[in-house]
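In structure tokens:
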């Protein structure tokens with residue numbers, strides 16, 4: 008899966024360039040995140056701005072990627088569309104991840 | 531089948547009390563075919579002007595059910611098929627799914643409880659959400675094993691305060 012990568016402030020922003028993280032793409036997603044986070048900042052912001060749909064396999068892949076970072080690093084989420092946000096709230100995964108409305112909020116950029 | 535045939539060109543859906551078939555296809559039980567089917571079903575629901583919350587719930591529940599059938603009923607053998615019929619009814623949508631894979635254990639639906647999140651970091655669940663999602667997104671759910679077929683029916687109603 009194609010991932011855009013940017014260092015913003017102290018965070019490593021990773022943006023999956025895919026409209027679905029689902030059963031068909033969960034493994035590619037995990038592989039791409041692992042490869043992109045071998046080293047680099049302790050804080051990852053996963054920008055889901057391009058993602059329109061996440062199923063339970065995709066949700067599991069996001070959790071697995073966060074766990075793979077280890078307890079010393081952190082993965083926050085940003086820019087969830089309403090359907091994706093619903094999956095996180097429904098499964099109570101919104102209590103596990105810090106979720107930001109958009110990338111600016113996640114990276115501490117003040118929009119005026 | 532008691533289902534009435536679709537009358538082509540009849541577009542007065544909102545006043546029509548007869549069920550209208552929006553989607554009726556058989557496709558291979560594999561992940562990419564599931565993706566295509568979900569996209570086609572979403573398009574059919576949007577073209578029928580169903581509300582966004584209901585369309586999202588149908589897609590979410592069917593994604594879990596279809597993937598469950600691919601993974602468990604057919605055990606990723608890649609040779610089975612799935613038949614899915616989506617019908618628009620007065621209160622919402624009824625979906626009937628037939629597969630010829632293994633029966634559900636005990637011929638009954640799983641409880642679909644939410645996995646426990648009150649665990650240590652390394653024990654956070656990476657799966658087990660599927661039936662919980664299906665149950666919470668539907669307003670009616672039934673399963674029956676008849677001969678070599680699994681019949682699953684999902685009912686979705688418009689939720690006013692969604």
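Residue numbers (our numbering), protein chains in the order written: chain A, 8 to 119; chain W, 531 to 692. Virtual Cβ for every residue (Gly too), placed ideally from N, Cα, C. Bear in mind that the values here come from a model prediction, so they are computed numbers and not experimental data.
Should residue i be labelled buried (16 or more other beta-carbon atoms within 10 Å of its own) or exposed?
| i | result |
| --- | --- |
| residue 679 (chain W) | exposed |
| residue 29 (chain A) | buried |
| residue 20 (chain A) | buried |
| residue 577 (chain W) | exposed |
| residue 649 (chain W) | exposed |
| residue 23 (chain A) | buried |
| residue 37 (chain A) | buried |
| residue 540 (chain W) | Low per-residue confidence applies at residue 540 (chain W): pLDDT is 46, beneath 50, and the placement is therefore not dependable, though the value from the model is reported in the following sentence. By the 10 Å Cβ count, residue 540 (chain W) comes out exposed. |
| residue 56 (chain A) | exposed |
| residue 12 (chain A) | exposed |
Three-state secondary structure (DSSP) at residue i?
| i | result |
| --- | --- |
| residue 57 (chain A) | coil |
| residue 573 (chain W) | helix |
| residue 558 (chain W) | strand |
| residue 83 (chain A) | strand |
| residue 70 (chain A) | helix |
| residue 606 (chain W) | coil |
| residue 659 (chain W) | coil |
Identify the contact partners of residue i in chain A, using a Cβ-Cβ distance below 9 angstroms as the criterion.
| i | result |
| --- | --- |
| residue 690 (chain W) | Those within 9 angstroms of residue 690 (chain W) in chain A number zero; the least Cβ separation is about 16 angstroms. |
| residue 606 (chain W) | Within 9 angstroms Cβ-Cβ: nothing; residue 606 (chain W) doesn't reach chain A, min ~11 angstroms. |
Going along chain W in order, which residues have a C-beta closer than 9 angstroms to the C-beta of residue i?
| i | result |
| --- | --- |
| residue 54 (chain A) | The premise fails here: residue 54 (chain A) is roughly 21 angstroms from chain W at the closest Cβ pair, so nothing lies under 9 angstroms. |
So residue i contacts chain A; which residues on that side make the cut at Cβ distance below 8 angstroms?
| i | result |
| --- | --- |
| residue 651 (chain W) | 74, 78 |
| residue 565 (chain W) | 27, 29, 31 |
Would you mind giving the Cβ-Cβ distance between residue i and residue j, rounded to the nearest angstrom? I have them listed as a contact below 8 angstroms.
| i | j | result |
| --- | --- | --- |
| residue 623 (chain W) | residue 612 (chain W) | With 8 angstroms as the limit, residue 623 (chain W) and residue 612 (chain W) do not qualify as a contact, their Cβ atoms being about 17 angstroms apart. |
When you check each C-beta in the segment 573 to 591 of chain W against every C-beta of chain A, which residues fall closer than 8 angstroms? 582, 586, 589, 590
Can you pull out the residues from the segment 11 to 27 of chain A whose beta carbon lies closer than 9 angstroms to at least one beta carbon of chain W? Those residues of the segment 11 to 27 of chain A that come within reach of chain W (Cβ to Cβ, closer than 9 angstroms) are 27.
Quick one, which residues of the segment 66 to 81 of chain A are near chain W if we go by CB-CB under 7 angstroms, in chain order? 66, 67, 70, 71, 74, 78
Determine which residues of the segment 547 to 559 of chain W have a Cβ less than 9 angstroms from any Cβ of chain A, and write them out in chain order. none
Using a Cβ cut-off of 8 angstroms, which residues of the segment 79 to 108 of chain A contact any Cβ in chain W, in chain order? Listed in sequence order: 89, 90, 93, 94, 97, 98, 99, 100, 102, 103.
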